[in-house]
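Numbering (this note's numbering), first residue to last: 62 to 388.
All C-beta atoms in this analysis are idealised placements derived from N, C-alpha and C, irrespective of residue type, glycine included.
Values in this document were obtained by computation on a predicted structure and should not be read as measured data.
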Ligand code: DP6
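Structure (structure tokens):
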């Protein structure tokens with residue numbers, strides 16, 4: 062009986078210059094450029110098994126089987142791999158996250174990057190990192206960035222992400238303050254469509270994002286934390302202002318989120334280099350330097366409603382692994 066299998070690991074990434082909105086929803090091309098940092102602490106391991114004994118495609122995250130839209134997105138990516146190779150076998154995908162899945166942290170970026178790589182390897186396709194990034198992007202745009210390690214850009218309308226600086230370019234720390242109410246009410250794709258249709262600020266966001274992206278890229282290249290932090294916070298608040306002004310509002314902020322933001326600002330006033338960003342959820346991510354990381358982490362841990370603070374460093378590119386590797 063034919064069985065083709067492979068496993069890959071990919072790391073989550075956090076955008077320093079944010080992506081929100083589609084230039085082409087059908088092809089999943091982004092309306093604004095984004096730039097992210099791949100993180101070592103947040104890892105997804107995905108195994109794919111093309112098996113003649115399977116009647117249909119199956120996918121699991123941990124023990125939880127995917128259904129409906131999440132399963133359709135996985136199947137759509139596998140369909141592309143089948144179309145490239147002529148293989149018609151059905152597949153079973155098993156994905157495990159090294160980070161707490163209940164935390165509501167985005168796992169689609171690392172998940173689809175790992176799936177694209179594992180799927181290509183299982184079918185004997187040798188795709189370039191750029192081709193893998195394009196494949197991952199078609200499933201989830203942020204996944205295009207998780208194919209690469211370190212600092213990574215995805216230009217507006219681009220098929221694939223490109224590396225900006227490698228993992229060892231700059232030893233920054235990203236602290237993830239996990240806030241209690243973790244579950245996302247609205248999936249990103251849906252939220253973006255809603256924002257584009259109903260937020261009067263959407264045009265302003267799309268118009269202003271490229272300049273902020275350039276500032277973020279320059280600051281990363283020059284290892285200028287103050288300039289990066291200022292531009293990253295601006296990108297975050299522009300995106301949230303745009304989301305908040307949609308109707309009904311996409312409102313991700315909780316009292317704990319605001320408490321964490323306030324803590325970051327107070328830390329800065331007392332001389333600690335720390336800058337915040339947020340995504341489509343209540344968690345707060347804080348960029349700092351190793352010398353300040355412990356103090357910043359302790360300050361975030363005591364914010365009411367913060368349940369955990371994860372400490373991450375720049376992480377590697379997606380890579381194939383053996384059968385016995387830890388999740
Ligand atoms: C707020 O990549 O999850 O995290 O392309 O529809 O899958 P889809 O969206 P997704 O959106 C990520 C949005 C964000 C900002 C970012 O990562 O740039």
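Exercise for review: Return the Cβ separation of residue 215 and residue 349 in integer angstroms, given the expectation that the two are a contact with Cβ distance under 8 Å.
Suggested key: The residue labelled residue 215 in the question sits at position 154 within the chain shown. The residue labelled residue 349 in the question sits at position 288 within the chain shown. Wrong, their Cβ atoms sit about 24 Å apart, outside the cutoff.
**Study point:** Other residues of its chain near residue 169: CB distance less than 6 Å, five sequence neighbours each side excluded
**Key:** Looking up residue 169 in the chain shown gives position 108. These residues qualify, in order along the chain: 201.
Review point. With distances taken from CA atoms, which of 150, 273, 81 is nearest residue 288?
Key: Residue numbering aside, residue 288 sits at position 227 when the chain shown is read from its first letter. If we check each option's Cα against that of residue 288, 273 comes out closest.
Check your understanding: Based on Cα-Cα distance, which residue from 86, 194, 160 lies nearest to residue 175?
Key -> Here residue 175 corresponds to residue number 114 of the chain shown, with the count starting at 1. For residue 175, the nearest C-alpha among the options comes from 194.
Practice item. With a threshold of 7 Å, establish whether the CB of residue 89 neighbours any heavy atom of the ligand DP6. Key: The count along the chain shown starts at 1 and reaches residue 89 at position 28. At least one heavy atom of the ligand DP6 is nearer than 7 Å to the Cβ of residue 89, so yes.
Review point. Just to confirm, are residue 156 and residue 172 a CB contact at a threshold of 8 Å?
Key: For the purposes of this step, residue 156 is taken as the residue at position 95 of the chain shown. For the purposes of this step, residue 172 is taken as the residue at position 111 of the chain shown. Yes, Cβ-Cβ distance for residue 156 and residue 172 is below 8 Å.
Point to revise | Neighbour-count burial assignment, residue 137, 16 or more Cβ in a 10 Å radius | key: Reading the chain shown from its first residue, position 76 is the one you call residue 137. Classification for residue 137: exposed.
Check your understanding: When we look at the beta-carbon of residue 74 and count the other beta-carbons within 10 Å, is it buried (16 or more) or exposed?
Key -> For this step, residue 74 is matched to residue 13 along the chain shown. It counts as buried.
Point to revise | According to DSSP, residues forming a beta bridge with residue 109 | key: What you label residue 109 is simply residue 48 of the chain shown in a count that begins at 1. Answer by DSSP bridge pairing, in chain order: 67, 154.
Review point. Looking only at C-alpha atoms, which of 188, 311, 263, 259 sits nearest to residue 380?
Key: Locating residue 380 in the chain shown gives position 319, where the first residue counts as 1. Nearest option by C-alpha distance: 188.
Point to revise | Cβ neighbour criterion (16 or more within 10 Å) applied to residue 163 | key: Against the chain shown, residue 163 aligns to sequence position 102. At residue 163, the pLDDT of 46 sits below 50, so the modelled position is not reliable and the matter cannot be decided from this model.
Exercise for review: Indicate the three-state DSSP secondary structure (helix, strand or coil) for residue 75 in the structure shown.
Suggested key: Position 14 of the chain shown, counting from 1, holds the residue named residue 75. In the structure shown, residue 75 sits in a strand (DSSP, three-state: E or B).
Check your understanding: In three-state DSSP terms, what is residue 93?
Key -> Counted from its first residue, the chain shown places residue 93 at position 32. The answer is coil: DSSP assigns residue 93 none of H, G, I, E or B.
Review point. Nearest to residue 280 by CA position, among 107, 252, 231, 182, is which residue?
Key: Taking the chain shown and counting its residues from 1, one reaches residue 280 at position 219. Comparing Cα-Cα distances from residue 280 to each of 107, 252, 231, 182, the minimum goes to 231.
Check your understanding: Shortest alpha-carbon distance to residue 229 belongs to which of 105, 238, 212?
Key -> Numbered from 1 along the chain shown, position 168 holds the residue referred to as residue 229. Minimum Cα distance to residue 229 is reached at 212.
Point to revise | Counted within 10 angstroms of its Cβ, other Cβ atoms place residue 344 as buried (16 or more) or exposed | key: Here residue 344 refers to the residue found at position 283 when the chain shown is read from its first residue. Buried, because 16 or more other Cβ atoms sit within 10 Å of the Cβ of residue 344.
Check your understanding: With respect to 7 Å, is the separation between the Cβ of residue 313 and the closest non-hydrogen atom of the ligand DP6 below this value?
Key -> Position 252 of the chain shown holds residue 313. Answer for residue 313: no, Cβ out of range of the ligand DP6.
Point to revise | For residue 236 and residue 362, the rounded distance between their alpha carbons | key: By one-based count along the chain shown, residue 362 stands at place 301. By one-based count along the chain shown, residue 236 stands at place 175. Near 11 Å, if we compare the C-alpha coordinates of residue 236 and residue 362.
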